[in-house]
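Structure first, commentary second.
Residue numbers (the working numbering), protein chains in the order written: chain A, 35 to 396; chain B, 384 to 667.
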């Protein structure tokens, strides 16, 4: 039985459907990442869960209880905001102590101190508890806001892209620390991000949000290797996946791909039907070489650029189709751009999508 | 060297500016310690023997001016009236205006903008335009010459002012801060009281001070809608001018005394006016 159950959730603003018939089942203690492009409704979804906004239709069940109509303060849910939302007129200590004071009216002062100090030390902000938010660095603000959302050990923590507004160094540190801290509390985490690397690094499962619903809910590895649609495939990966229209024909043990007369083989055991489709191949799944081999195609060099310690080449097939291929730096040194260049495709690493619906055909 | 010249020039510039603004006040202050004869002398005197006669007269309600009959003034009562009217109308304005400003800032409701603008438009209408009908209405329903009626009418001046200033301050507070407080487990009212109000405090303080000054300085409404029993100092000072004499010393003294409360209040509220509390709570 799942712990948090989103059933046909919908929300629109005037005629704008932001969330439509969204479904998900989230387990207790799970790190559930909601990933989607900006404007896809991630924050709206979080606001529905926290009670800041009310859904138009559908149900939110927590531990088998419907919580749709409950006010934010009545839900056992806490949230860290993207903009931190600290109380500017209270010191960091009081900011963090706020949930304790609200929910446990009779908690003795020394117990509050103990709990605040414990979470503050865990998040390494024990030394700034006496400062006002405006005296804190962005990283400290973000940790204070996290501490506030965790101090009362809520059942569900909602994190709205908490690493968006901190610099790269802190972001990386937190990406390492956060899962460790959250595991210690054994809470269910719903984490919003629009950085696919962050999603893949943190999530037990990733839900990909666009068009108002979750289009994939799966482990990071499965989503990357087996995206349900071209849109999902495009969202994961940098540079994005190559895709082109082609006619495919199943041969003995491989698939023959015909792109405007340029024919190559993808060795793939698949139940796919012959016909037109979209072929998707990630840049790192294309091998670039100066040597001709049995199943390679001659390409023309266009340009190259470094990206995250890899080198991305833009090459052009004879029929005008342009493809991105990415190689490691070492591999790129072995390639002479002034000689003839050939590409071949790594076996099994290609995807076929329906030309109309863009769904994965496998 | 050049710095010295500059700083000397700057010093004189400051002196000139301060003189320009403070001279009338200083002169009035001076006058309040002079007798009428000293004031009316053709060549003004700089050195004189200060007298507290004006202040004592003002307090006791009667003053004898050389060569004229004794004058009776109700300045003490006027001062009390001013205090009742100003404090009363600012209190009512705060009570009505702060929640209203919050509503206009946070909730988009049908006709909301129209209502807000209508309230603002009360400030456009010249007081003289509405004073006669108001006078008739108030006589009819028995409100003429009551503190209640004047405080009510003062809302025309103070309420829109506070509403529009404080509304801006509420709009500047990120709603997320309030949501965060509610997610901590506090009720809506607690978040209003503990988050919204304290964060808008500089605005509320500034607006209250302005409202107080406007209410304190109001002349026309008090002149027409009340008798001498409830009239504030602004109107009461008129009584100093009689057919037989214009006691300048007494008038100056009245001005000094009536300016003091606003001055003290402004000094007291100053610290709230300059507080930029909201800075740094949100990213950036």
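For every residue, glycine included, the Cβ atom is placed at its ideal position computed from N, Cα and C.
Less than 8 Å between CB atoms is the rule here; does residue i satisfy it with respect to chain B?
i	result
residue 204 of chain A	no
residue 46 of chain A	no
residue 126 of chain A	no
residue 137 of chain A	yes
residue 225 of chain A	no
residue 385 of chain A	no
residue 147 of chain A	no
residue 101 of chain A	no
residue 121 of chain A	yes
residue 86 of chain A	yes
residue 299 of chain A	no
residue 113 of chain A	yes
residue 91 of chain A	no
residue 117 of chain A	yes
residue 196 of chain A	no
residue 72 of chain A	no
For residue i, I'd like the list of residues in its chain whose CB is within less than 6 Å of its CB, leaving aside the five on either flank, ordered along the chain.
i	result
residue 283 of chain A	290 and 308
residue 537 of chain B	472 and 598
residue 208 of chain A	197
residue 250 of chain A	242, 257, 262 and 266
residue 121 of chain A	129
residue 240 of chain A	67, 69, 233, 254 and 257
residue 506 of chain B	543
residue 238 of chain A	64 and 65
Answer yes or no: do residue i and residue j have a C-beta to C-beta separation smaller than 8 Å?
i	j	result
residue 243 of chain A	residue 69 of chain A	yes
residue 149 of chain A	residue 134 of chain A	yes
residue 299 of chain A	residue 358 of chain A	no
residue 222 of chain A	residue 38 of chain A	yes
residue 338 of chain A	residue 345 of chain A	yes
residue 532 of chain B	residue 608 of chain B	yes
residue 153 of chain A	residue 131 of chain A	no
residue 385 of chain A	residue 295 of chain A	no
residue 464 of chain B	residue 615 of chain B	yes
residue 387 of chain A	residue 264 of chain A	yes
residue 44 of chain A	residue 55 of chain A	yes
residue 41 of chain A	residue 108 of chain A	no
residue 434 of chain B	residue 418 of chain B	yes
residue 183 of chain A	residue 89 of chain A	no
residue 549 of chain B	residue 481 of chain B	yes
Note down, in chain order, each residue of its chain lying with its Cβ closer than 7 Å to the Cβ of residue i, except the 5 sequence neighbours on either side.
i	result
residue 479 of chain B	542
residue 105 of chain A	85
residue 502 of chain B	542, 543 and 546
residue 636 of chain B	415, 437, 438 and 441
residue 389 of chain A	279, 310, 311 and 312
residue 51 of chain A	246
residue 103 of chain A	none
residue 378 of chain A	321, 327, 329 and 330
Looking at the C-beta of residue i, does it have a partner C-beta in chain A at a distance below 8 Å?
i	result
residue 588 of chain B	no
residue 566 of chain B	yes
residue 528 of chain B	no
residue 555 of chain B	no
residue 459 of chain B	no
residue 578 of chain B	yes
residue 665 of chain B	Annotation note: pLDDT 44 at residue 665 of chain B (below 50); position unreliable, no value reported.
residue 497 of chain B	no
residue 655 of chain B	no
residue 570 of chain B	yes
residue 562 of chain B	yes
residue 420 of chain B	no
residue 581 of chain B	yes
residue 660 of chain B	Annotation note: pLDDT 42 at residue 660 of chain B (below 50); position unreliable, no value reported.
For residue i, which residues in the same chain have their Cβ closer than 8 Å to its Cβ, ignoring the five residues on either side in sequence?
i	result
residue 577 of chain B	564 and 569
residue 457 of chain B	444, 611, 619 and 622
residue 477 of chain B	545, 587 and 591
Interface residues of chain D around residue i at Cβ under 9 Å?
i	result
residue 652 of chain B	No chain D is present in this structure, whose protein chains are A and B.
### Message
With three or more beta-carbon pairs closer than 8 Å as the criterion, would you say the region 104 to 116 of chain A touches the region 557 to 568 of chain B?
### Response
Segments in contact, yes.
### Query
On the three-pair Cβ rule with 8 Å, is the region 576 to 593 of chain B touching the region 543 to 555 of chain B?
By the criterion of at least three beta-carbon pairs nearer than 8 Å, the region 576 to 593 of chain B is in contact with the region 543 to 555 of chain B.
### Task
Write down every uninterrupted run of the alpha helix (DSSP H) in the region 139 to 204 of chain A whose length is 4 residues or greater and which is fully enclosed by it, in chain order.
DSSP runs (the alpha helix (DSSP H)) wholly in the region 139 to 204 of chain A: 143 to 156 and 172 to 184.
#### Entry: Meets three-Cβ-pair contact criterion under 8 Å: the region 574 to 588 of chain B and the region 600 to 616 of chain B
With a cut-off of 8 Å, the region 600 to 616 of chain B and the region 574 to 588 of chain B do not count as touching, because too few Cβ pairs lie within range.
### Query
Below 8 Å, can you find three or more Cβ-Cβ pairs linking the region 323 to 330 of chain A to the region 369 to 379 of chain A?
Because the criterion of three Cβ pairs below 8 Å is met, the region 323 to 330 of chain A and the region 369 to 379 of chain A touch.
### Message
So, does the region 178 to 196 of chain A touch the region 220 to 239 of chain A, judging by three or more C-beta pairs under 8 Å?
### Response
The region 178 to 196 of chain A is in contact with the region 220 to 239 of chain A.
### Task
Taking only runs that begin and end inside the region 472 to 547 of chain B, name each unbroken alpha helix (DSSP H) of 4 or more residues, in chain order.
For the region 472 to 547 of chain B, whole alpha helix (DSSP H) runs of length 4 or above, ordered along the chain, are 495 to 504 and 510 to 523.
### the region 93 to 103 of chain A / the region 134 to 146 of chain A touching (three or more Cβ pairs under 8 Å)
No: fewer than three Cβ pairs fall under 8 Å.
### Query
Going along the chain, which unbroken runs of the beta strand (DSSP E) with 3 or more residues stay wholly within the region 79 to 139 of chain A?
The DSSP assignment places 91 to 96 and 111 to 114 as complete runs of the beta strand (DSSP E) inside the region 79 to 139 of chain A, in order along the chain (cut-off: 3 residues).
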